[in-house]
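For reference, the structure discussed in these notes is given below.
Number of protein chains: 2
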Amino acid sequence: MSEEDDLFRALADPTRRRILDLLAEHETLTVGELAAHFPELVASGISKHLMALRAAGLVTATRQGRHQRYAVDADTMARVLAPWVAKYDAYWSAALLRLRGLAGE
Amino acid sequence: MSEEDDLFRALADPTRRRILDLLAEHETLTVGELAAHFPELVASGISKHLMALRAAGLVTATRQGRHQRYAVDADTMARVLAPWVAKYDAYWSAALLRLRGLAGE
DNA sequence: GTAATGCATTACCGATTGGTAAAGCGTTGA
DNA sequence: TCAACGCTTTACCAATCGGTAATGCATTAC
Numbered sequence: 001m002s003e004e005d006d007l008f009r010a011l012a013d014p015t016r017r018r019i020l021d022l023l024a025e026h027e028t029l030t031v032g033e034l035a036a037h038f039p040e041l042v043a044s045g046i047s048k049h050l051m052a053l054r055a056a057g058l059v060t061a062t063r064q065g066r067h068q069r070y071a072v073d074a075d076t077m078a079r080v081l082a083p084w085v086a087k088y089d090a091y092w093s094a095a096l097l098r099l100r101g102l103a104g105e
Numbered sequence: 001m002s003e004e005d006d007l008f009r010a011l012a013d014p015t016r017r018r019i020l021d022l023l024a025e026h027e028t029l030t031v032g033e034l035a036a037h038f039p040e041l042v043a044s045g046i047s048k049h050l051m052a053l054r055a056a057g058l059v060t061a062t063r064q065g066r067h068q069r070y071a072v073d074a075d076t077m078a079r080v081l082a083p084w085v086a087k088y089d090a091y092w093s094a095a096l097l098r099l100r101g102l103a104g105e
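Just so you know, the protein sequences line up as chains E and P, in that order. Under full-length UniProt numbering, think of the first position of the first sequence as 1, with each following residue one higher. Under full-length UniProt numbering, think of the first position of the second sequence as 1, with each following residue one higher.
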């Protein structure tokens with residue numbers, strides 16, 4: 001299973017993408033702080049999602065006392081996601097121009 | 001289910017990402033031409049993957065006689081994927097610079 | 001030392017997924 | 001007209017996934 005596979009599978013779940021968003025917003029969060037944003041989920045559920053994100057290299061975890069602080073792993077995003085995105089850049093940059101054109105800008 | 005959800009779920013499968021790659025390479029392909037690249041898969045399997053990609057708005061299909069020609073839908077990529085990617089741009093552009101630095105460039 | 005905290009791990013469940021085989025359906029060629 | 005083609009749809013199967021509950025395991029507070 002390639003790194004790319006792990007990454008895209010990790011991104012497939014909306015809860016995990018929301019976790020990434022929260023981490024990007026707050027720089028760093030503990031599991032408890034994250035769990036506060038998901039009242040509909042049980043703590044171990046969040047933990048499992050974080051394990052998936054960590055396995056994909058999308059987040060890093062550093063122990064701090066009895067807390068675990070999570071943060072976005074920019075390196076993996078740069079190394080795996082950016083090149084993939086770049087392949088389609090040509091496609092959507094043209095499409096973006098069309099969209100802006102339609103918006104009257 | 002949001003557009004973003006559909007898109008990321010569609011991208012989660014490696015076969016579907018390979019289909020996108022092939023379409024990006026060849027501009028447009030029929031199901032039969034695509035199937036030739038996946039000898040391990042049965043035709044209806046390819047078709048199902050294409051349905052998923054179409055549901056996510058990642059490809060378009062136009063009938064041509066009894067063939068169906070598929071192509072990458074750049075507009076959806078621009079409208080849904082590009083904004084998501086942009087959120088993390090700041091993260092990985094910094095990381096990319098670090099990587100290039102390590103590479104000695 | 002012992003209890004409580006914070007998180008991870010395990011076991012388990014229903015739902016979804018990727019796959020095949022077979023039937024269906026419009027289109028074309030004979 | 002009707003057989004073959006090209007693809008889609010359906011029915012079905014094993015495997016994976018997201019979720020919970022319960023247990024385990026460090027770490028800190030008392």
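For each residue, glycine too, the CB sits at the ideal point set by N, CA and C.
Requested in this report: For P:Met77, return the contacting residues in chain E, with the cut-off set at a CB-CB distance below 8 Å.
Outcome: Position 77 of the second sequence, counted from the first residue, corresponds to residue 77 of chain P. Neighbours of P:Met77 on chain E, chain order: Tyr88, Tyr91, Trp92 and Ala95.
Query raised in the report: Does the distance from the C-beta atom of P:Arg18 to that of P:His49 stay below 7 Å?
Result: Within the second sequence, numbered from 1, the residue matching residue 18 of chain P stands at position 18. Within the second sequence, numbered from 1, the residue matching residue 49 of chain P stands at position 49. It is not a contact, given that the beta carbons lie outside the stated cut-off.
Report task. Name, in chain order, the residues that DSSP records as bridge partners for E:Val72. Result -> Here the question's residue 72 of chain E lines up with position 72 in the first sequence. Checking the DSSP bridge columns, you'll see E:Val72 partnered with E:Val59.
Query raised in the report: When you compare only the Cα positions, how much space is there between E:Glu105 and E:Ser93?
Result: As a first step, residue 105 of chain E must be located in the first sequence, where it is residue number 105. As a first step, residue 93 of chain E must be located in the first sequence, where it is residue number 93. At E:Glu105, the pLDDT of 48 sits below 50, so the modelled position is not reliable and the matter cannot be decided from this model.
Query - DSSP-derived helix/strand/coil call for E:His67 - result: Looking up residue 67 of chain E in the first sequence gives position 67. Looking at E:His67 - three-state DSSP - the assignment turns out to be strand.
Requested in this report: Could you work out which residues of chain P lie near E:Val72, taking near to mean beta carbons separated by less than 8 Å?
Outcome: Locating residue 72 of chain E in the first sequence gives position 72, where the first residue counts as 1. By Cβ distance, chain P contributes Tyr88 and Tyr91.
Query raised in the report: Among P:Thr62, P:Tyr91, P:Leu81 and P:Leu58, which residue has its Cα nearest to the Cα of P:Ala24?
Result: The residue given as residue 24 of chain P occupies position 24 in the second sequence. Taking only the C-alpha atoms, the option nearest P:Ala24 is P:Leu58.
Query raised in the report: Tell me which same chain residues have a C-beta within less than 6 Å of the C-beta of P:Gly32, skipping the five on either side of it?
Result: Mapped onto the second sequence, residue 32 of chain P falls at position 32. Here the set comprises nothing.
Query - Closer than 8 Å at the beta carbon, the chain P residues around E:Asp5 - result: Here the question's residue 5 of chain E lines up with position 5 in the first sequence. For E:Asp5, the chain P residues whose C-beta falls within less than 8 Å of its own C-beta are Pro14, listed in chain order.
**Report entry** Reduced DSSP category for P:Glu105 - H, G, I as helix; E, B as strand; rest coil
**Finding:** Numbered from its first residue, the second sequence carries residue 105 of chain P at position 105. With a pLDDT of only 48 at P:Glu105, under the threshold of 50, the placement of this residue in the model should not be trusted, and no figure is reported.
Requested in this report: Starting from E:Leu23, follow the alpha helix (DSSP H) in both directions and report where the run begins and ends.
Outcome: Looking up residue 23 of chain E in the first sequence gives position 23. Start and end: Pro14 to His26.
Query raised in the report: Quick one: Cα of E:Leu7 to Cα of P:Arg69, how far?
Result: Numbered from 1 along the first sequence, position 7 holds the residue referred to as residue 7 of chain E. Numbered from 1 along the second sequence, position 69 holds the residue referred to as residue 69 of chain P. Distance between the alpha carbons of E:Leu7 and P:Arg69 is about 30 Å.
Report task. Identify which residue in E:Ala86, E:Ala61 and E:Met51 has its Cα closest to the Cα of E:Leu11. Result -> Translated into the one-based positions of the first sequence, residue 11 of chain E becomes position 11. Distances from the CA of E:Leu11 to each of E:Ala86, E:Ala61 and E:Met51 were compared; the closest alpha carbon is that of E:Met51.
Requested in this report: Please report the residue range of the alpha helix (DSSP H) in which P:Ala35 lies.
Outcome: Here the question's residue 35 of chain P lines up with position 35 in the second sequence. Run containing P:Ala35: Val31 to Ala35, per the alpha helix (DSSP H) assignment.
Query raised in the report: P:Glu105 CB to nearest chain E CB: under 7 Å?
Result: In the second sequence, residue 105 of chain P corresponds to position 105, counting from 1. At P:Glu105 the pLDDT is 48, less than 50, meaning the model places this residue with poor confidence; the figure from the coordinates comes in the next sentence. P:Glu105 does not count as touching chain E.
Requested in this report: Please report how far the alpha carbon of E:Arg63 lies from the alpha carbon of P:Tyr91, in whole angstroms.
Outcome: Numbered from 1 along the first sequence, position 63 holds the residue referred to as residue 63 of chain E. Numbered from 1 along the second sequence, position 91 holds the residue referred to as residue 91 of chain P. Those two C-alpha atoms are separated by around 22 Å.
Query raised in the report: Which residues, in chain order, does the stretch 32-53 of chain E contribute to contact with chain P at a C-beta distance below 9 Å?
Result: Along the stretch 32-53 of chain E, there is no position whose C-beta sits under 9 Å from a C-beta of chain P.
Query - Simplified DSSP assignment, three categories, for E:Phe8 - result: What you label residue 8 of chain E is simply residue 8 of the first sequence in a count that begins at 1. In this structure, E:Phe8 counts as helix in the three-state DSSP scheme.
Requested in this report: Measuring only between beta-carbons, confirm whether P:Ala82 sits less than 7 Å from chain E.
Outcome: As a working mapping, residue 82 of chain P is identified with position 82 in the second sequence. Answer yes: the Cβ-Cβ gap between P:Ala82 and chain E drops below 7 Å somewhere.
Report task. Could you tell me if P:Arg66 is buried or exposed, where buried requires 16 or more neighbouring beta carbons within 10 angstroms of its beta carbon? Result -> Mapped onto the second sequence, residue 66 of chain P falls at position 66. Answer is exposed; the Cβ neighbour count stays below 16.
Query - C-beta neighbour in chain E for P:Arg9, strict 7 Å - result: Here the question's residue 9 of chain P lines up with position 9 in the second sequence. With 7 Å as the cut-off, P:Arg9 counts as an interface residue toward chain E.
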